[in-house]
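Residue numbering for the sequence shown follows our numbering, starting at 1196 and increasing by one per position. Each residue gets a CB set at the ideal place from its N, CA and C atoms; glycine is no exception. Here's the structure we're looking at; comments come further down.
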Amino acid sequence: MAVDPLKSLGVWRGLELAFEGAIPYAVSGIAFWQLRKLFISPSVGKPLTTLELTVLLGALAVLISWAFSRQLFHLGRRTPVMISVIGTALGLGVVWIMAATVPGGFADSCEELTGSVVELTSFIATENVSSACQIGGVPGNPYAPGTLIRPMWDGYIPGLMWAFLAFSAAMASVGIRDRRMRPSRMVIKLYSMLSLAPTTGSKGAIGEKPKESRVQACSNATFWGEICGQLYSADRDFLPGEWCGRCQQTYHKADRELTFRVVTLFTDNIDVLNGLERTDTVSWDWGRPMDADARVSGVERWVLLGSVTVPDVLSVSQLLSLIHDQLGAWKGKEERTQIAVKIAQERASKLYGWIWFGRQTRRLTYARPTTKTIMAIGTTRLRDIITDSGEELYFQLDVGLLPLELRVAFMKTFMRREDEERAQNAIVQNSKLDLWVPVAPRLPKAAAGLWVPRVEGDAIRKWLSTDRLREPGKMEGVAVPLPYKTYERPPTQELDNPIFEDDDESYPDSEGADGAFDVPSPELEPVQAEVEYDDIEDEVAPPPNPPLPSPGTLDFVRAPLNDDATDPVVEGRNMAGLFLSEWDWMEPEQIQLLRQECLVLQERPRR
1196 MAVDPLKSLG
1206 VWRGLELAFE
1216 GAIPYAVSGI
1226 AFWQLRKLFI
1236 SPSVGKPLTT
1246 LELTVLLGAL
1256 AVLISWAFSR
1266 QLFHLGRRTP
1276 VMISVIGTAL
1286 GLGVVWIMAA
1296 TVPGGFADSC
1306 EELTGSVVEL
1316 TSFIATENVS
1326 SACQIGGVPG
1336 NPYAPGTLIR
1346 PMWDGYIPGL
1356 MWAFLAFSAA
1366 MASVGIRDRR
1376 MRPSRMVIKL
1386 YSMLSLAPTT
1396 GSKGAIGEKP
1406 KESRVQACSN
1416 ATFWGEICGQ
1426 LYSADRDFLP
1436 GEWCGRCQQT
1446 YHKADRELTF
1456 RVVTLFTDNI
1466 DVLNGLERTD
1476 TVSWDWGRPM
1486 DADARVSGVE
1496 RWVLLGSVTV
1506 PDVLSVSQLL
1516 SLIHDQLGAW
1526 KGKEERTQIA
1536 VKIAQERASK
1546 LYGWIWFGRQ
1556 TRRLTYARPT
1566 TKTIMAIGTT
1576 RLRDIITDSG
1586 EELYFQLDVG
1596 LLPLELRVAF
1606 MKTFMRREDE
1616 ERAQNAIVQN
1626 SKLDLWVPVA
1636 PRLPKAAAGL
1646 WVPRVEGDAI
1656 RKWLSTDRLR
1666 EPGKMEGVAV
1676 PLPYKTYERP
1686 PTQELDNPIF
1696 EDDDESYPDS
1706 EGADGAFDVP
1716 SPELEPVQAE
1726 VEYDDIEDEV
1736 APPPNPPLPS
1746 PGTLDFVRAP
1756 LNDDATDPVV
1766 EGRNMAGLFL
1776 SEWDWMEPEQ
1786 IQLLRQECLV
1796 LQERPRR
């Protein structure tokens, strides 16, 4: 489909005209063919009565005149007199062709029955029939007629019937010439396209072109029910009382401005990203708190490209257009940044992105779930998304890859001969890992960036599929998936761990608020040393060999993280609509929740 709205209108119009033209012709052709088969076939009983013949031929005349009048209506020939004359003439013409071909068709049918067509005399004549198919008789001998099979219709049309057919065709050609087979959806499609259509960015500014995407915008309320938002160069000075070129009112500059730091992925290779996440997977024993999350790979997932300042009356599409205008200027000299900019230019969506709130320097290394991330789409205005919170703002360009955090558990057994030894040596652990899944459809080069995220239920379930459950004793030395077990803090033991008291909901790092993830900082070790984990393990340690879930009952459920951002809150969330097996399609609201919450492997209850 064409990307340009005018081209799209042409494509939609052509498809609708083809449909509206093909259906009448198809219906008329099928009706003509079926009626001809009926008329030329021999009659087992009595032939068609005058009433039956009038109804059938009248329906044929109406269909033919309607089919041709629809085509004239599409071609702009909409004068009632002209349509009526042409439609009636064509309808009666097709009926005349039917009547003229019926005798010959009946003769062919008679020959297939090894007979011959004879003219009926008054001695053996029947009503409404002047000929018959004679089988086994003597031609010309009325005393040895043999078997006579009459036709359904001999092709004769009385004058009154012609008048009725002409009247029916004229009324049909005028009365239903504008009746569509189905309602037009062009307006709905156009509205859907324009509601998320990207803007022209700095090219849409009136006057001189803005430098480095520095713009100002008009904040007048328009008469058509929205904020004006017309862009101008930030260097332009308006005279007192000067009018805005869009809303035709005195220009009123939007006072509030928002500054975004733009980030994007350093690669679009999903195998590389998932390889890094496997390297940084963390596992720990059941009944123990999660270990410090040291980033073993040491590779930052995100690249900071630059910053852009825009008025808050702009829409998300306008912000994205200004960002895409600046991508070429943000390449710099670093190869990592140049690659990231090239990927963003080729794949980044021009219709939506992610806004991060607060200090997000650590997130450049670790994209974990947080409620401080929201999805911004299309014509939504920035002032409707961002309040006066005073937090730093980051805008993440989406290149079609969505990060998910998975919380799973497993039991790893070893090669032993006796079941008792296997049970004693089994390892039962929780595991936290990240997974990247594709969310962008394949589009032609001309439509690059014109997409919003889409996730189908079957597709994401394949990405998240875990190993099959094995029966105990059949295979050893394998990991069997188990439901994730949250850490239950003993009521007598308060873990006042400052590691998780950061307002950015991040894990410890060695460089303070602006550093990347690393091993826990030395000054936090004395606090950790005060916790007696051995006592905790004695109180909440799970059995050495927990019962295995029934095959096919494990499923992922969305769950928010607790206040410490260490464990998901899954209690009381086994309700309809939370498990991924219940989803056929993920809407933008559900995709946003996948960034704000983690997926926890649980045993699905029977309902």
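Rounded Cβ spacing between residue i and residue j (contact assumed at less than 8 Å)
{"i": "L1343", "j": "A1358", "result": "Their Cβ separation, rounded to whole angstroms, is 33 Å, which puts L1343 and A1358 out of contact at 8 Å."}
{"i": "D1593", "j": "G1548", "result": "6 Å"}
{"i": "E1437", "j": "L1628", "result": "Not quite, the Cβ-Cβ distance comes to about 58 Å (not below 8 Å), so this is no contact."}
{"i": "R1431", "j": "G1402", "result": "6 Å"}
{"i": "P1742", "j": "A1754", "result": "Incorrect: roughly 22 Å between the Cβ atoms, too far for contact."}
{"i": "L1546", "j": "S1512", "result": "6 Å"}
{"i": "V1289", "j": "F1227", "result": "7 Å"}
{"i": "G1652", "j": "D1779", "result": "5 Å"}
{"i": "M1356", "j": "T1283", "result": "The Cβ separation is near 15 Å, so there is no contact."}
{"i": "R1656", "j": "L1559", "result": "The pair is not a contact, with the Cβ atoms about 30 Å apart (cut-off 8 Å)."}
{"i": "L1517", "j": "S1626", "result": "No, L1517 and S1626 are not in contact; Cβ-Cβ is about 42 Å, not under 8 Å."}
Bounding residues of the beta strand (DSSP E) (the contiguous stretch that carries residue i)
{"i": "Y1589", "result": "L1588 to Q1591"}
{"i": "R1656", "result": "First-last for R1656: G1652 to W1658, but that is the alpha helix (DSSP H), not the beta strand (DSSP E)."}
{"i": "D1793", "result": "Looking at the sequence itself, residue 1793 is Cys, so the reference to Asp does not match. Counting along the chain, the beta strand (DSSP E) containing C1793 begins and ends at C1793 to E1798."}
{"i": "Q1329", "result": "S1326 to I1330"}
{"i": "E1452", "result": "E1452 to L1460"}
{"i": "G1553", "result": "Looking at the DSSP string, G1553 is not in any beta strand (DSSP E), and its letter there is neither H nor E."}
{"i": "E1600", "result": "L1596 to K1607"}
{"i": "Q1624", "result": "I1622 to P1633"}
{"i": "L1500", "result": "W1497 to P1506"}
{"i": "M1570", "result": "T1568 to I1572"}
{"i": "L1426", "result": "L1426 to S1428"}
{"i": "W1479", "result": "V1477 to D1480"}
{"i": "P1676", "result": "A1674 to L1677"}
Unbroken alpha helix (DSSP H) run spanning residue i, endpoints
{"i": "L1344", "result": "First, the residue type needs correcting, since residue 1344 is Ile and not Leu in the sequence shown. Where I1344 is concerned, there is no enclosing alpha helix (DSSP H), although the beta strand (DSSP E) it sits in stretches over T1342 to I1344."}
{"i": "L1285", "result": "P1275 to E1307"}
{"i": "A1412", "result": "Where A1412 is concerned, there is no enclosing alpha helix (DSSP H), although the beta strand (DSSP E) it sits in stretches over V1410 to A1412."}
{"i": "E1471", "result": "Residue identity differs from the one stated: residue 1471 is Leu in this sequence, not Glu. Here the alpha helix (DSSP H) through L1471 covers I1465 to T1474."}
{"i": "I1580", "result": "L1577 to I1580"}
Alpha-carbon spacing of residue i relative to residue j, whole angstroms
{"i": "R1602", "j": "T1761", "result": "11 Å"}
{"i": "G1887", "j": "L1509", "result": "Since the first residue shown for the chain is 1196 and the last is 1802, residue 1887 is missing from the structure and cannot be characterised."}
{"i": "E1452", "j": "E1587", "result": "13 Å"}
{"i": "A1571", "j": "Q1797", "result": "31 Å"}
{"i": "L1599", "j": "W1551", "result": "16 Å"}
{"i": "S1387", "j": "R1380", "result": "11 Å"}
{"i": "G1216", "j": "P1639", "result": "30 Å"}
{"i": "M1485", "j": "L1426", "result": "50 Å"}
{"i": "P1564", "j": "G1523", "result": "31 Å"}
{"i": "R1272", "j": "I1278", "result": "7 Å"}
{"i": "P1353", "j": "V1313", "result": "22 Å"}
{"i": "Q1540", "j": "A1449", "result": "29 Å"}
{"i": "S1203", "j": "L1389", "result": "11 Å"}
{"i": "K1404", "j": "T1394", "result": "15 Å"}
{"i": "A1643", "j": "R1637", "result": "9 Å"}
{"i": "P1242", "j": "T1296", "result": "17 Å"}
{"i": "I1422", "j": "R1483", "result": "54 Å"}
{"i": "I1259", "j": "V1206", "result": "28 Å"}
{"i": "S1317", "j": "Q1329", "result": "Note on S1317: pLDDT 48, under 50, position unreliable in the model; no value is reported."}
{"i": "F1362", "j": "E1211", "result": "30 Å"}
{"i": "F1455", "j": "R1490", "result": "27 Å"}
{"i": "V1371", "j": "W1291", "result": "A small correction: the amino acid at residue 1371 is Ile; Val does not occupy that position in the sequence shown. So the alpha carbons of these two residues sit roughly 23 Å apart."}
{"i": "G1527", "j": "T1504", "result": "19 Å"}
{"i": "P1693", "j": "G1573", "result": "Residue confidence for P1693 is low, a pLDDT of 39 falling below 50, so the modelled location carries little weight; the figure read from the coordinates is stated next. Using only the alpha carbons, I get a separation of about 40 Å."}
Sub-8 Å separation of residue i and residue j beta-carbons
{"i": "A1392", "j": "Q1411", "result": "no"}
{"i": "A1254", "j": "G1286", "result": "no"}
{"i": "P1648", "j": "P1783", "result": "yes"}
{"i": "P1346", "j": "S1223", "result": "no"}
{"i": "Q1591", "j": "W1479", "result": "no"}
{"i": "V1457", "j": "G1501", "result": "yes"}
{"i": "W1631", "j": "S1544", "result": "no"}
{"i": "H1447", "j": "N1415", "result": "yes"}
{"i": "R1531", "j": "D1463", "result": "no"}
{"i": "I1786", "j": "L1514", "result": "no"}
{"i": "I1218", "j": "M1376", "result": "yes"}
Cβ-heavy atom distance, residue i to the ligand COA, below 7 Å
{"i": "F1461", "result": "The ligand content of the structure shown is nil, which means the ligand COA is not present either."}
Problem set entry | In chain order, each alpha helix (DSSP H) run of at least 4 residues that lies wholly inside the segment 1338-1386 | 1354-1370
For this session: Could you name each continuous alpha helix (DSSP H) segment of 4 residues or more that falls completely within the segment 1504-1542, going from the start of the chain to the end?
Result: 1511-1521 and 1530-1542
For this session: Ignoring anything shorter than 4 residues or poking outside the segment 1199-1280, list the alpha helix (DSSP H) runs there in chain order.
Result: Counting only runs of 4 or more, we get 1200-1235 and 1245-1269.
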